[in-house]
Structure formats: structure tokens, C-alpha cells
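Encoded as C-alpha cells, the structure appears first; notes follow it.
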Amino acid sequence: MPELPEAETIVRGLRDTVVGEKIVRVEVLRPDVLRESKRRFAPKVRGRTISSVERRAKNVLLRLDDGATIAVNLGMTGRMLPFKHPPRGASRPGHPAVRFRFASGSVLVFDDTRRFGTVECLDSTEWAVRSARFGPEPLDPSYRAEDLLHALGTSRSPIRSWLLDQKRIAGVGNIYAAEALFLSGIHPLRPANRIGEDEAIALHASVRSVLSEAIEAGGTTIRDYRNAQGGKGEYARQLFVYGRNGEPCLRCGSEIERVVLSNRSAFFCPDCQPGSD
DNA sequence: AGTGTATCCTGCAGGC
DNA sequence: TGCCTGCAGGATACAC
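For this note's numbering, count along the first sequence from 1 and bump the result up by 319.
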């Protein structure tokens, strides 16, 4: 669900409200979102002040004043919802999993309907190890087309699967993989190592433009995604292929196709993205 | 090395 | 109305 643009939008929305807040109490309503026991998690977090909010891949990071990091993976339906006052009535989150209560009286709720998300508190060493498992950030100015080209050459995996692999490139999920491949005219089944230099340059550009335009639009809301203010993202209106199975291609009019690849839908235009081999 | 499959969960849309 | 199936922005473990 939330991919890089959604995580980035949440991070930007949280900064104003949550930086400088001191955590005085943690309520774990759904212990299964933690990767350790409540007993171990809570003391690491209680009494700490949030010094900054960042993003790595699809993760929201709350950096603490002792150097630790609360890493939130949003899974498919995770939300980060800050409230000035504890919410009541209809504005109350439907599936709160973890509540952080601050000294100011405000609250940050990690809400997750399906509970595929995770919340962890890692010290600086643990975080460094974790972060090293992710591939390069595609929007980092130092990430070049030649880096992508070289990395592609080491894998025979279908390019759609390659793009979803977080250790190869960070933050790309099913929506933006589909859109980037459409924009660069590459079939989702094409083996990564058979993508040529020109195509790699096009893919590099389309991955970056799709992600940055989606950030500008505040992310993509299909159903569940909400930003830190509870609002929807508007990028769904700009999707060319994702979820448009059976509808006409906006560029050539051919029917958008859906194939299942690694158990996940891949959407593409058979004419704009010809030949898998 | 890479793929298919199953798993963790809940909710919604569509068919009957 | 209800019941059933299939599907969903993710990530991981397993057998082949």
C-alpha cells in the first residue's frame, strides 16, 4: 500500500506536529505489530523526545533524542495519525494498534486495519544494519542511470519483480512499478539483465518522475491510504495502467492487460510495452 | 538464483 | 438480505 510517495507525504505531514514532542506513555493495543515484546519496547521509547522525522524506503522513522529510531513499516493499510487531543466519536481511528501519548497532551496513533505493518525501536547500530539492507533511494541526486543499468545486469528476474525488491531499489511498490514501466515502454516480464542502456536511462527517469510527481500529488489513494492529516492522495487520477485492467490505454487505446507475477497483479499496455522476450 | 505458494489480517465488491 | 469468492499500496519463509 503505502509506497515511497505515501510514506514521504506522511513524514512531511508529521514533522510539524510531532517533532519536539516528549513521549510519556505508550499503549500497545495490538502487540502483533511489534517485533519484540511490549515489555522490551515500551521502556526504550518512554521518556524520549522525538528529534526528527525521516523516511527510508517505505518506512517512517521517528528519531529519538538518545539516537534510537522508531521505524514504522506501514504495510498495506498502516496510517500515522497525530491528534492535538485524544480523538473521540467519529474521528477516532478505526483500528488503533499503537498509541504514543505526549507530554503536551497530544497523541500519535499508528492505525492499521490489516496489521501487516510493524513498529520497532532500534538503536543506532541496529538501525544502521537495517538501513544497509535497503537498496539505493531512487530520488537521491546521487542515484544515476548507470547505477541502475549495472544493478540490472546482475539479475535475470522479471523487471517488475526486480523493482519491487527493496534491496535492489528502495521504496518502489506495485503501483509505481507499473507506472514507471509503462512510461518507459518496458514490458513487466522483461528480464532485468536484458534491459539495454537506452531503456535503463528511460526507466531511471520514469521511476524518478513518477515518484516525485506522486509526492507532489500527495500520494495515491486507492482505498485505504491517508496522509498524516487524514486526507487522501490525488495521484490516482494520473495512473496510466495500475488497476485499469480492461480499460483503454490512455496513449494508444489498446486494452490494458493484467497478468499475475509473483502472486501480484502486473498491469501493462501490450502495445506501448511490447514483447517480454 | 528465482519463482510459485502460503502466511500474516480485515474489508469490500461482485456474483448468485 | 446473505453467502461465497476474489482481490488489495507489503514482506517473509518455504519447497522446488
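Just so it is clear, CB atoms sit at the ideal spot from N, CA and C, and this is done for glycine as well.
Which residues DSSP lists as bridging residue i, in chain order
| i | result |
| --- | --- |
| L380 | E373 and A390 |
| K341 | T368 |
| G397 | D431 |
| E574 | P567 |
| E439 | A390 |
| L353 | V438 |
Straight-line Cα distance separating residue j from residue i
| i | j | result |
| --- | --- | --- |
| A470 | C571 | 31 Å |
| F421 | P401 | 10 Å |
| Y462 | A447 | 20 Å |
| L323 | Q592 | 24 Å |
| G314 | H523 | For the chain, the structure presents residues 320 to 596; residue 314 sits outside this window and is missing. |
| L558 | R367 | 41 Å |
| F419 | S425 | 9 Å |
| G436 | Y554 | 23 Å |
| P406 | A416 | 15 Å |
| D484 | A387 | 26 Å |
| S531 | D517 | 21 Å |
| K486 | V338 | 29 Å |
| V526 | E535 | 14 Å |
Cβ neighbours of residue i in the same chain (closer than 6 Å, five flanking residues each side left out)
| i | result |
| --- | --- |
| T473 | none |
| R577 | N564, S584 and F586 |
| E325 | G538 and Y544 |
| L500 | P507 |
| E346 | R418 |
Option nearest residue i by Cα separation, candidates the options
| i | options | result |
| --- | --- | --- |
| P412 | L580, V379 and L348 | L348 |
| S476 | E465, R577, S581 and E327 | S581 |
| R479 | Y495, A416 and P507 | P507 |
| L393 | R367, R359, E439 and S370 | E439 |
| T396 | R374, H414, L381 and S356 | H414 |
| I645 | E465, P455 and R375 | Outside the shown range of the chain (320 to 596) lies residue 645, about which nothing can therefore be said. |
| V529 | G490, V579 and R542 | G490 |
Contact set for residue i: own chain, Cβ-Cβ below 7 Å, skip 5 residues either direction
| i | result |
| --- | --- |
| M399 | I329, L333, V379, V391, L427, F429 and A547 |
| D384 | R367, T368 and S370 |
Cβ shell of residue i (< 8 Å), same chain only, five flanking positions each side left out
| i | result |
| --- | --- |
| C568 | F559, V560, E574, I575, C588, D590 and C591 |
| G550 | G537 |
| N512 | L471, G472, T473, S474 and R475 |
| A268 | The requested residue 268 does not occur in the structure, where the chain is confined to residues 320 to 596. |
Endpoints, beta strand (DSSP E) assigned at residue i
| i | result |
| --- | --- |
| F587 | R583 to F587 |
| A524 | Segment E516 to E535 is the alpha helix (DSSP H) holding A524; no beta strand (DSSP E) there. |
| R418 | P415 to F421 |
Residue i beta carbon near the ligand NAD (any heavy atom closer than 7 Å)
| i | result |
| --- | --- |
| V560 | As presented, the structure is devoid of all ligands, the ligand NAD included, so that no description of it is given. |
Range of the contiguous alpha helix (DSSP H) that encloses residue i
| i | result |
| --- | --- |
| E465 | A464 to L471 |
| N512 | Unbroken run through N512: none, as it is neither H nor E. |
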